[in-house]
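Data block below; observations after.
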Amino acid sequence: MLVNKAFIYILIGAALWGTIGFYVKNLYAYGFTPMEVVTLRVWTSAVILVLYLLFTAPKRLKLHQLTDIKYFIGTGIFSIVFFNYCMFTAIETSTIPVATALLYTGPAFVTIFSYLLFKEPLTRIKIIALCITLFGTSLVVGLIPFDKEAFKFGSVVFGIGSAVGYALYSIFSKYALRKYTTLPITTFTFLTAAIALIPFFPYKEKVMLLINQEVLFYAFGLGLLPTAVAYIIYTHGLNRTEASKASILTTVEPVVATMIGIFIFQETFSFIQMLGMACIICAVIVVQVYSSNQNNVTRSPKLRA
Numbered sequence: 615m616l617v618n619k620a621f622i623y624i625l626i627g628a629a630l631w632g633t634i635g636f637y638v639k640n641l642y643a644y645g646f647t648p649m650e651v652v653t654l655r656v657w658t659s660a661v662i663l664v665l666y667l668l669f670t671a672p673k674r675l676k677l678h679q680l681t682d683i684k685y686f687i688g689t690g691i692f693s694i695v696f697f698n699y700c701m702f703t704a705i706e707t708s709t710i711p712v713a714t715a716l717l718y719t720g721p722a723f724v725t726i727f728s729y730l731l732f733k734e735p736l737t738r739i740k741i742i743a744l745c746i747t748l749f750g751t752s753l754v755v756g757l758i759p760f761d762k763e764a765f766k767f768g769s770v771v772f773g774i775g776s777a778v779g780y781a782l783y784s785i786f787s788k789y790a791l792r793k794y795t796t797l798p799i800t801t802f803t804f805l806t807a808a809i810a811l812i813p814f815f816p817y818k819e820k821v822m823l824l825i826n827q828e829v830l831f832y833a834f835g836l837g838l839l840p841t842a843v844a845y846i847i848y849t850h851g852l853n854r855t856e857a858s859k860a861s862i863l864t865t866v867e868p869v870v871a872t873m874i875g876i877f878i879f880q881e882t883f884s885f886i887q888m889l890g891m892a893c894i895i896c897a898v899i900v901v902q903v904y905s906s907n908q909n910n911v912t913r914s915p916k917l918r919a
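The numbering of the sequence shown is the working numbering, which starts it at 615 and goes up by one.
Here's what the structure looks like:
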């Protein structure tokens with residue numbers, strides 16, 4: 615089976631996103647709030663991306679038109695800031711596996727938005743993959759069977775909020791990709807988000823913590839691997855496939871996040887939740903196999919005849 619290169623990029627980006635909980639949990643241990651961690655993540659990533667472009671391609675740090683800022687308000691504020699705040703709050707009030715699984719109800723929103731805005735086909739395979747993903751997510755968060763201890767209403771609200779914000783990144787990026795390449799989109803996204811977050815960080819109270827080597831390590835790591843690098847790779851893959859397919863493929867992130875939650879932070883994870891995670895992986899495989907078969911049919915002259 616020939617694996618689509620776009621899918622590889624998306625899966626790598628999603629796997630890097632799955633390491634977010636490691637950095638976030640350690641920053642919480644130093645007394646940072648969810649919004650403060652969002653600010654650290656966004657600012658660190660913005661600095662890394664801007665410096666990289668300044669040294670490699672400074673001309674790409676310019677908007678084609680001033681009105682294009684609307685794309686990056688969408689990706690930076692309505693997506694990055696909103697979904698990070700919701701996700702980090704869910705991690706704080708619940709566990710990494712539950713928060714990440716809730717985030718991955720996002721593909722359902724992406725698929726619906728893509729159908730309405732980009733006229734992407736709502737195929738039977740996509741619907742099946744989404745149903746498998748949502749069922750798996752329900753098992754992970756304790757909705758099936760209902761578990762009062764696993765299910766926390768506040769965590770679910772913030773988790774769903776993170777899913778909507780996550781979905782908006784794929785949607786706004788699709789519009790931006792019509793005029794910009796991957797790296798400028800990622801850079802403008804985090805630069806816009808960083809500027810918007812300036813009022814929300816208590817610099818006077820937390821300035822001493824920012825000198826701490828471990829805090830700098832976790833902040834820099836959060837801004838580099840699961841943010842700057844992950845978004846560049848994901849957006850590159852998104853440019854080569856449908857937003858709805860990309861969003862379903864990124865459900866490999868909960869697998870990585872769950873492994874970190876279990877093996878590093880000793881968070882509990884039951885057999886039912888493992889079954890839910892297996893459902894999520896199956897959805898990824900379904901989309902990949904279907905897409906490969908579809909490509910083979912398209913490329914074969916005999917089958918087209």
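The beta carbon of each residue, even a glycine, is placed where N, CA and C say it ideally should be.
DSSP places S769 in the helix class (H, G or I) of the three-state scheme.
If you draw a straight line from the Cα of Q880 to the Cα of T800, it is about 33 Å long. The three-state secondary structure of T855, taken from DSSP, is coil.
Counting C-beta pairs closer than 8 Å gives three or more between the stretch 805-821 and the stretch 687-695, which meets the contact rule. Three or more beta-carbon pairs drawn from the stretch 824-839 and the stretch 656-676 are found closer than 8 Å, and the two stretches are therefore classed as touching. With a beta-carbon spacing of about 4 Å, A743 and A897 fall inside the 8 Å limit used to define contacts.
S787 places its beta carbon less than 8 Å from that of T849. The three-state secondary structure of S708, taken from DSSP, is coil. The alpha carbon of T681 has as its nearest neighbour, out of G875, Y789, I626, the alpha carbon of Y789.
Selection Y623, M649, V724, F877 evaluated against Y817 yields M649 as nearest (Cα-Cα).
In the displayed model, A629 falls within a helix according to three-state DSSP.
Taking a cut-off of 8 Å on C-beta distances, the stretch 698-708 touches the stretch 625-640, as three or more cross pairs fall below it. For S659, the enclosing alpha helix (DSSP H) starts and ends at 648-670. Classified as exposed, S884 has fewer than 16 neighbouring CB atoms from the shown chains inside 10 Å of its CB.
Here the stretch 768-786 does not lie against the stretch 667-676, with fewer than 3 beta-carbon pairs under 8 Å apart. Assignment of R792 by DSSP, reduced to helix, strand and coil, places it in the coil class. Under the DSSP assignment, P721 falls in the alpha helix (DSSP H) whose first and last residues are 720-731. M701 and A722 have their C-alpha atoms some 17 Å from each other. Under the three-state reduction of DSSP, H678 is assigned to coil, being neither helix nor strand. In the DSSP assignment, Q827 falls within the alpha helix (DSSP H) that extends over 827-837. The beta carbons of M891 and G750 sit closer together than 8 Å. When the alpha-carbon of V829 is set against those of A629, I622, A643, L630, the nearest one is in A643. Within the same chain, and ignoring the five residues on either side of E856 in sequence, the residues whose Cβ sits closer than 6 Å to its Cβ are E734. According to the DSSP assignment, F814 belongs to no alpha helix (DSSP H), since it is labelled neither H nor E.
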